[in-house]
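Note sheet for the following structure.
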């Protein structure tokens, strides 16, 4: 059983959201290098990516599909040991959030290593 002390859940969730909101590929890759492990893995019902470069490309694809949309935390992130859980919202700045999800993250030495995402609210037009 991992007995590591729970990290700062809010800070880690905000670091995660910052990656998803970064539209510049070079800055996004620097954020990934700072906060994600080299062997990071991401999976949700629509996509899967391994490594920082693939994750960055996946995020870039979301920006192409939803230009002007921004991610924001929803509620309070939780951490326990090497696990992090938080919910998020995605939508344009000037309108109600259209998409919502919850992500479960495994951490390694305080960095994001593995993300499993769930989509809680997705309109038929998304």
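In my numbering, the protein residues as written are 8 to 133.
Here a beta-carbon is modelled for each residue, glycine too, at the ideal position from N, C-alpha and C.
- Note on geometry: alpha-carbon atoms of residue 131 and residue 24 lie some 24 angstroms from one another.
- Excluding sequence positions up to five before and after residue 79, its CB lies within less than 6 angstroms of the CB of 96, all in the same chain and listed in chain order.
- Using a Cβ distance threshold of 8 angstroms, residue 84 and residue 20 count as a contacting pair.
- Here the alpha carbons of residue 26 and residue 35 stand approximately 6 angstroms from one another.
- With a threshold of 16 other beta carbon atoms within 10 Å, residue 46 falls short and is exposed.
- Within the same chain, 49, 110 and 112 come within 6 angstroms of residue 122 by CB-CB distance, once the 5 residues on both sides are set aside.
- At a Cβ-Cβ threshold of 8 angstroms, residue 43 and residue 118 count as neighbours.
- Remark: C-beta atoms of residue 108 and residue 124 approach each other more closely than 8 angstroms.
- Residue 100 is classed as exposed because its beta carbon has fewer than 16 other beta carbons within 10 Å across all chains shown.
- For residue 110, the enclosing beta strand (DSSP E) stretches over residues 106-115.
- Your pair residue 51 and residue 126 checks out as a contact, with CB atoms roughly 7 angstroms apart and the cut at 8 angstroms.
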